[in-house]
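A quick write-up on the structure given underneath.
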Amino acid sequence: MATFSDTGLLLLITLIKIAVVVSVMLTSIAYLTWLERKVVARIQSRWGPCRVGLYGLLQPLADGIKFILKEDIVPVEADAFLYWFAPFVGFILAFLSIAVIPFGESISIHGHTISFQITDLNVGLLFIFAVTSLGVYSIALAGWSSNSKYPLLGGLRSSAQMISYELSLGLAVVGVVMITGTLSLRGIVDSQAGFWHIRGLNTFIPHWNIFVQPLGFLVYFTAAIAETNRVPFDLPEGETELVGGFHTEYSSMKFAMFFMAEYANMITVSCLATILFFGGWHGPTFGPYLLRALLPSFWFCLKLFCFLFFYIWMRGTLPRFRYDQLMAFGWKFLFPAGILNVLATSLVVAWTSSS
Amino acid sequence: METLLILMLLPPLAGAAVNGVLGRRLPQAAISLIGCGAAGFSMLFALLCAWTYSISAAQPAPFIHSYFTWIEAGSLRADYALYYDRLTLVMTVTVTVVAFLIHLYSRGYMQHEGGYYRFFTYLNLFLFMMLTLVTAANYPLMFVGWEGVGLCSYLLIGFYFRRPAAADAGKKAFIVTRIGDAGFAVGVALLFWTFGSLNFQETFGRIIALPAGEMQGTMTAVGLLLFLGAVGKSAQIPLYVWLPDAMEGPTPVSALIHAATMVTAGVYLVARSSPIYSHAPQALQVVAVIGCVTAFFAATIALTQNDLKRMLAYSTISQLGYMFIGCGVGAFAAGIFHLMTHACFKSLLFLAAGSVMHALDGELDMRKMGGLRRKMKTTFLTFFIATLAISGVPGLSGFFSKDEILAGAYEGPLGQPWLYWLGAFTAGLTALYMFRGLFLTFFGKSRLTPDLEHHVHESGSKMTVPLLVLALFSIVAGDVSWPKAFGGSESFDRYLEPVFKPSEDSLRAFAPSAAHGPGSDALMIFALLFAGLGILVAYWFYLRSTRLPALLAERFSLLYNTLLHKYYVDEFYDWLIVRPLRVGSEKLLWQECDVGAIDGVMVNGTAKLVDDAGGFLRRIQSGNIRSYASWVLLGATVWLAYVLWPR
Amino acid sequence: MIPIAHVLALSVALFVIGAAGFVFRKNIITVFMCIELMLNAVNLAFIGFSRYLGNLDGHLFVFFVIVVAAAEASVGLAIIIALNRNRDSLNIDDLDSMKM
Amino acid sequence: MLILFYVCAVLAVLAALSVVAQRTPIYSALSLIVVLCALAVVYLLLDAEFIAVIQVIVYAGAIMVLFVYVIMLLNAGREEPSQRSRMARWLGAPLLAAFLVEILIAVWNQFPAGNSRPAGVLNAGPAAIGHLLFRNYVLPFEATSILILVAIMGAVVLAKREF
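Chains as they are written, first to last, in the numbering used here: chain A, 1 to 355; chain B, 356 to 1002; chain C, 1003 to 1102; chain D, 1103 to 1265.
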């Protein structure tokens, strides 16, 4: 029965972890919308939601109820299966990539080590890329299955855009992978513990990759914004040109799924940025065991929050790109910059490892 | 020495290469400088070679140097090796000197012709090939030169290739000499088969060492085959027909190739191969007979020719015949001697004729000339000297050499009286037709058209200087060998003795009792008598009573027409060979074999088979990818079934 | 442990299904996808053998197959676009001008 | 583990059948993506994590996106029925069946059922593959880079409007 208890316990713990992560994700997505509305409103000198509950804190709930209650309209000429399938797959994929994200260090309970991570793949980083690369289908299929011209244009735009920027995204990460020498996200975070030492001297600068990969980070974050179709790269849903882009025809829960997928993706890439460049959960830890165990998760969430705030901040600040500018920027600036970063990093790594 | 030898050969090759590649863009002056310079250097080195060889210690023995291995196949090994002995010395000096002078002459003659660079390219190439021919140390290399000069001859005869006659003459020369070349090649092959070597030194050494009578059959066969090559190249009966037509080429070419050098290659071949002939007296007799008959035959044709150059061409054939008489009776040195003197005076005759032609705007019909001696003094003078020389007037070169041949024809190892008498009579004919030509061209009243009358002028110094030099040679070239009758010592004979003595000795073994004639003095007097008679007749017919030739022609119209039409040999050949060949080719080879068998059965049959099969198989190639995929699948299934089949 | 025969059987099944698509389907894009399916079947066989033989070379082959497939897809789809533009048809039965 | 394999196998086969059977190219493409993902899982089960991820990233995430993109661009609808290949029509199915049977026989002959030599754990992580790729297979690797470059240029030239 030992085997049962082991396997069963593992399964149980994993299931609990999944449940926790998903519920936390859903909640954060809900309150991310609230945050966004609030912040953008403040940027635009408005109040934002403030009627429903304290500071409008119940607004997401109201929105959810509204979405659920609304009529689900399916256009006559639409491809019914794909029309349903597209938001669904987008939603699923957005949540799938959370599975390998480590939110914090492990905690020991009764001799069992429980890590703040659903599963640690040794190709975790690639896994996230694999999943995000599939995300394009959601948008492309949504655009196509609506059988309507604006969604179709939006879908085409998004497929081209996401494929293009995925290259830069991948290239930006290669630098970090070369420095840390692993594709496991936990391994990457572990390698960023402590401080930078110059000639044995503690600089008290955190041992984060951002300090050796600034270009990589810039490329990564720019490409990430494009990958998530956020301002200023939200061409697939640019409402001024394409009405609503790929989700023009969508309504009700399906629309909500797109929305949630988008925010989930924002969270994912922000998590990734934290993990890859900002030391993940590393931060000052102190206090009793429980606090020491939970503090890393706090730091992680803090960093994540900064990125999300940055996202929103940009949305309130920057105008949208024109499509050809977007492609030119992606291929002619971001991509070469990524290659330059890889080249420089590889040279430095080769030099330091050989000397 | 080896350096000098190769230096003698290389300038013409380099000149040909430079002119051939760059000539189109070079000015005439540069082309002629390169061309003549090449020939000049070649002559210079030829003379240096001669001098070096003459003062070298090992002098009478041949100098042989192998530069590199050229062919090595099985037991056949042919080096690029050069062979230099006294015979080579005579040949190279003669060839280079005459060639140099003719190069100089060509500067003037070709000035206004197209393809100036082409002409000098060919001429230089010819010189290189000719030198290769005479300096080769083995038969394959000699064959290269042999074919090379043939090629240049073809190119130069057809120099005015836009004129059908010239192009045809070039082809004729090429094809006719090819018959001879085949003989040469087969002869060489036979020689190789017999001795396993083609080096002169090795082969000849072994042949000389043979006891008399040994391997006579093989030697006769080789000798006759080689002589077939010589017949083709040197325009002897029955393959002489190409030479008169070859006069379509530019006159310097006629002088150089078709009078002085290339056509004498046959004589050189026979002389060089003298050890072979020394064991094949029958073959040598054939050589003598053909030479003698050709000499007489060509001389009679020359009597009636009205075209100046054609007359000279037949004269050349006739004189070549003399040389073969010399070789054929075993008096090789006499043949070579005549070759040398002939090179001087015959090229002079041609060049002078070219000068006339130049002045008369290409006119060659002697009946339309006359009285040119006052207007073209130098040309006349030189032509006159050459005529005297060829006619055998005592004191000039031709007299000595011809006399030596005639003496040899009587007294040589294989001499026979009738050879002498026919030869002597031919000498008279030679004098007759040569003086006829002289008188018709330069004496009497002018029969020129008024247009030409004004046009006539003496040629420039570019042309007259070589004429004068050659005239000098024509006078003095014979002096190298004064006959015994004149108190001389036949020094040329003696000079070439190391080359020919063994052959002549072994020939004497075959004919120990050569005819003892009336002595060389008497022989000489007879020959002189014939020559004098010829001159007199010419004087009578063509200067005194000029109607007489026409009367005679009328009276003996059959004979005259026969002669005028060159014994109808061309027509005969046409009837015997060309027509049947053409008809046979057309009817049998073309219509039956080619159209019926090859085209019908093999070519079209194969095509039809393929076409039918394709017509069936093309259904497979439907252009439909799915069908193709099915075929691939079929193939895979069948193959898998084959692999899996339980065995 | 997964038996190699089962992996191969899956591979064979996929391959034959792909071949069937190639033979029976007329839409050129579908046919193209069937080729990709066959390539994947082969990749699976490579991976299976790699596992069976404990040799990584099979993975490398798969890697190269994927790269070649990517190149092939880009060029092939470009050809399809050009074809569609010139002939206004995606039916493979219409593309039969390469014949006698 | 084994169960997961069979589930994925069945899923892959069904999806593959769907690729062939679907009348609309977009559904074929989606079915093919399902096949690819199922195969990725199979690869994972066969210790080929790197290839599995590459399969999803490159095949499903890039190549198939290209397909979907082209299908959307050309608006490829249901295919028109046409039977221009008699060969494929009459011989196709029997040949396929024969081929399937033959090759299955070959597999069974070679690897009788149940023969699964456990070959330890295959270390097929990115590092191992990277070592192999940049040591033993450097030349093919560079060749593929040239191939890709050529393919890019070819695609650009072919798809350009000016012909």
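Ideal Cβ placement from N, Cα and C applies to all residues, glycine included.
Since we're looking at a predicted model, the values are computed, not measured.
With residue i and residue j assumed to form a contact (beta carbons below 8 Å), what rounded beta-carbon distance in angstroms separates them?
i        : j       : result
L510(B)  : I612(B) : Contact doesn't hold; Cβ gap of about 10 Å is too wide.
Y460(B)  : M818(B) : 5 Å
V504(B)  : M446(B) : Not really, about 13 Å apart at Cβ, beyond 8 Å.
E1151(D) : V177(A) : Going by Cβ atoms, the distance from E1151(D) to V177(A) rounds to 15 Å, so no, they are not a contact pair.
M398(B)  : F455(B) : 4 Å
P768(B)  : E859(B) : 6 Å
Ordered along the chain, which non-local residues of its own chain (more than five positions away) have a Cβ less than 8 Å from that of residue i?
i        : result
K664(B)  : M602, T606, S609, F705, A708, M712, L719
N1086(C) : L1092
Let me check understanding here. Comparing Cα to Cα, which of the options lies closest to residue i?
i        : options                                : result
F258(A)  : A78(A), A142(A), E105(A)               : A142(A)
S45(A)   : N341(A), G316(A), M327(A), S133(A)     : G316(A)
Q637(B)  : V684(B), A428(B), R627(B)              : V684(B)
W895(B)  : Y788(B), L936(B), L851(B)              : Y788(B)
G778(B)  : M879(B), L565(B), I386(B), W425(B)     : M879(B)
S115(A)  : W281(A), S270(A), P288(A)              : W281(A)
A521(B)  : G513(B), L913(B), A528(B)              : G513(B)
F67(A)   : T203(A), G283(A), F81(A), F255(A)      : F255(A)
F95(A)   : W351(A), V20(A), P75(A)                : V20(A)
P296(A)  : F305(A), L93(A), T285(A)               : T285(A)
D72(A)   : C50(A), S252(A), S133(A), G104(A)      : S252(A)
Y669(B)  : R432(B), F679(B), I656(B)              : I656(B)
S1052(C) : G1060(C), I1083(C), A1022(C)           : G1060(C)
N1029(C) : A1261(D), V1136(D), V1137(D), V1172(D) : V1172(D)
L61(A)   : T33(A), L276(A), V40(A), R42(A)        : T33(A)
I18(A)   : V269(A), W47(A), T7(A), Q117(A)        : Q117(A)
A160(A)  : F1107(D), V1240(D), F1169(D)           : F1169(D)
H812(B)  : H697(B), D966(B), L727(B), A786(B)     : L727(B)
P805(B)  : G725(B), F550(B), L883(B)              : G725(B)
L478(B)  : Y997(B), S977(B), P366(B)              : P366(B)
A688(B)  : Q674(B), Y494(B), I745(B), S629(B)     : S629(B)
Have a look at the DSSP bridge pairing and note the partners of residue i.
i        : result
Y435(B)  : F423(B)
T785(B)  : Beta-bridge pairing links T785(B) to no other residue.
I1120(D) : The residue asked about is misnamed: residue 1120(D) is Ser in this sequence, not Ile. S1120(D) pairs with nothing; no bridge assigned.
L201(A)  : I198(A)
I114(A)  : I107(A)
D720(B)  : D662(B)
A491(B)  : L437(B)
N554(B)  : N493(B)
N1029(C) : N1093(C)
Using a Cβ-Cβ cut-off of 7 Å (strictly less than) and excluding sequence neighbours within five positions of residue i, which residues of its own chain qualify?
i        : result
D716(B)  : L807, H810
M1(A)    : Any reading at M1(A) must be qualified, since the residue scores a pLDDT of 39, below 50, and its modelled position is unreliable; no value is offered.
M497(B)  : L488, A491
C1139(D) : V1158, A1162
L694(B)  : T619, V622, M678
I1006(C) : G1050, Y1054
L185(A)  : V100, I101, P102, G124, L125, I275
Going by beta carbon distance, what residues of the same chain come within less than 6 Å of residue i, once the five residues before and after it are set aside?
i        : result
A1154(D) : A1142, Y1145, L1146
A1245(D) : none
Y263(A)  : I29, L32
Contact between the segment 1151-1169 of chain D and the segment 101-118 of chain A (3+ Cβ pairs under 8 Å): Judged by Cβ distances under 8 Å, the segment 1151-1169 of chain D makes no contact with the segment 101-118 of chain A, as fewer than three pairs qualify.
If you pair each beta-carbon of the segment 823-836 of chain B with each one of the segment 743-756 of chain B, do three or more pairs fall below 8 Å? Flag = yes, the segment 823-836 of chain B and the segment 743-756 of chain B touch.
Taking contact to mean at least 3 C-beta pairs separated by less than 8 Å, is the segment 128-135 of chain A in contact with the segment 83-100 of chain A? Segments in contact, yes.
Counting pairs of Cβ atoms below 8 Å between the segment 538-548 of chain B and the segment 576-594 of chain B, do you hit three or more? The answer is yes - the segment 576-594 of chain B touches the segment 538-548 of chain B, with three or more Cβ pairs under 8 Å.
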